[in-house]
Structure formats: C-alpha cells, structure tokens
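The block underneath contains the structure these notes are about, expressed in structure tokens.
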Amino acid sequence: MTATPSDLLLRALDAPGEPPLRPLPPVVTELLRSLVAPPRLAAHLRAVHDVAVELSDWVRDRYPDLAVDCDAVLFGAATHDVGKTLHPEELAGPGSAHEAAGRDLLLDHGFAPALARFAATHASWDDPVVTIEDLLVSAADKVWKDKRVPDLEDRLVRALAEATGREPWEEFLALDDLLARLGADAGRRLAFQSAFPVRP
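The numbering used here numbers the first residue of the sequence shown as 479 and each following residue consecutively.
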C-alpha cells in the first residue's frame, strides 16, 4: 500500500506563509509528496529556497556577466536537506547522515549528479572544489534563519571578487547589506517552519 501525503505536508508545500514564501519547483514538490516527506522538512526547504531566489536574483542583477547556474542554485536549495526524509531525527537535532543519503536519494530518483550534489555539499563550503553555486546554496541555508558564518561569507566574497575583478571590500559591503536584509525576516520564516511537525 502506498502512503499518501498528509494534509500538513500539503499545507507546508502550498500555504502562502508569512512573509509569503515562493513555491518549490514543481519537480521538487512532486518528489516530496512521493516521499511523504515530514511537513517540517517541506517548510524548511521552502524557506531556504525562498532565500535562494533572492540571492540568485541579486547575483543575476549585480553580476550580469557572471556565469552562475541560478536554476541549479534553486534546485539545490529546494533539495539540500532531502536526506532528512531518511533521517528525520536530524530535523530536530544535529547530524550529517542526511547529506550523503540525500545525494543518493536524488540520484536514485533520476536527478543528475550535478544537481544531486547539493544535498552533500551544502555543509562543506570549505572544500577547495566548491563552486559559486555551492556557496550560494550554503549561504541560503544559513541566512534564512539569520545565521551569519564569516568563513562561508569570505569564500563567497572572494569568489565574487575574483570573477568580477572588483575589490573584495566592495563585494563584502554589497553582500553584507543583502544578507542583513534577508536576515530581517528570519523570525517569521522560523515561525512558519516551527508550525509544522517533524513526523509525517
């Protein structure tokens, strides 16, 4: 017998939220429904994805000549914690088992390795091979709750400065302003996520 999504999961995927949260990409919504994902996970993924949209729009506007795969960033933000469907205890506590599990789950569902990787890389921005897309997903996963991580932000600033030839301090000021603005709505995003249970 196939499990069906709960009303709470459907509400986490579809409720407007406050502040209004953008919907996840349809392919991700369908995946979470088929997995009967925990409602809190769906709410969390929406919050992080919503911030990633803002980050991607900012990058696209500020750096029109920079080759950034914004669609990959949005997919990565929308699925970065999908492994928590297999490790729901990590929704309420620490743990990293969901990272490799999420990548493997996405691969098993036919997603390309270039997209599935975000589930495994979103917490490892210090790896020398991370891309700007990885850094943007990691930043969205922190700033949605107004958590600032200097090492992560420094990596992103350096990547932007190297790509544009601008001074790092100039990129830092612009990024800092954006992250402070995004962090201002963290309380409401946290309240939206907390309104949903960890268990399906």
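Here a beta-carbon is modelled for each residue, glycine too, at the ideal position from N, C-alpha and C.
| Check | Outcome |
| --- | --- |
| Continuous alpha helix (DSSP H) stretch holding Pro522: start and end | This sequence places His at residue 522; Pro is not what is there. It spans 517 to 540 - the alpha helix (DSSP H) in which His522 sits, taken as one unbroken run. |
| Between the CA atoms of Ala618 and Ala493 - distance to the nearest angstrom | 21 Å |
| Status (buried if at least 16 other CB within 10 Å, exposed otherwise) for Met479 | With a pLDDT of 38 at Met479, under the threshold of 50, the predicted position of this residue should be treated as unreliable, though the coordinate-derived value follows. Burial call: exposed. |
| First and last residue of the uninterrupted alpha helix (DSSP H) at Ala463 | Outside the displayed range of the chain (479 to 678) lies residue 463, so it cannot be described from this structure. |
| Buried versus exposed, by CB contacts within 10 Å (16 or more), Gly554 | buried |
| Start and end residues, alpha helix (DSSP H) containing Glu496 | From DSSP, Glu496 is part of no alpha helix (DSSP H); its letter is neither H nor E. |
| Integer-rounded CB distance, given that Leu613 should sit under 8 Å from Arg633 | 6 Å |
| Own chain, CB closer than 8 Å to Ala598, minus 5 neighbours either side, in chain order | Glu577, Ala578, Gly580, Arg581 |
| Which listed residue (Pro606, Pro497, Val607, Pro566) has its alpha carbon closest to that of Arg667 | Pro497 |
| Asp654: first and last residue of the uninterrupted alpha helix (DSSP H) it sits in | 646 to 661 |
| Assumed close pair Val551, Ala521 - CB separation to whole angstroms, cut-off 8 Å | Rounded, the Cβ-Cβ distance is 20 Å, inconsistent with contact. |
| Collapsed DSSP secondary structure at Thr599 in the structure displayed | helix |
| Touching by the beta-carbon criterion (3+ pairs, under 8 Å), the stretch 554 to 572 and the stretch 505 to 514 | yes |
| Arg636, DSSP secondary structure in three states | helix |
| Bounding residues of the alpha helix (DSSP H) (the contiguous stretch that carries Lys620) | 610 to 621 |
| Backbone secondary structure at Thr480 - three-state DSSP | Legend: pLDDT at Thr480 = 47, less than 50; position of this residue unreliable, no value from coordinates given. |
| Assigned exposure category for Pro517 - 16 Cβ within 10 Å defines buried | buried |
| Three-state secondary structure assigned by DSSP to Lys625 | coil |
| Helix, strand or coil at Pro591 according to DSSP, with G and I counted as helix | helix |
| Whole-angstrom distance between Ala601 and Ala515, CA atom to CA atom | 21 Å |
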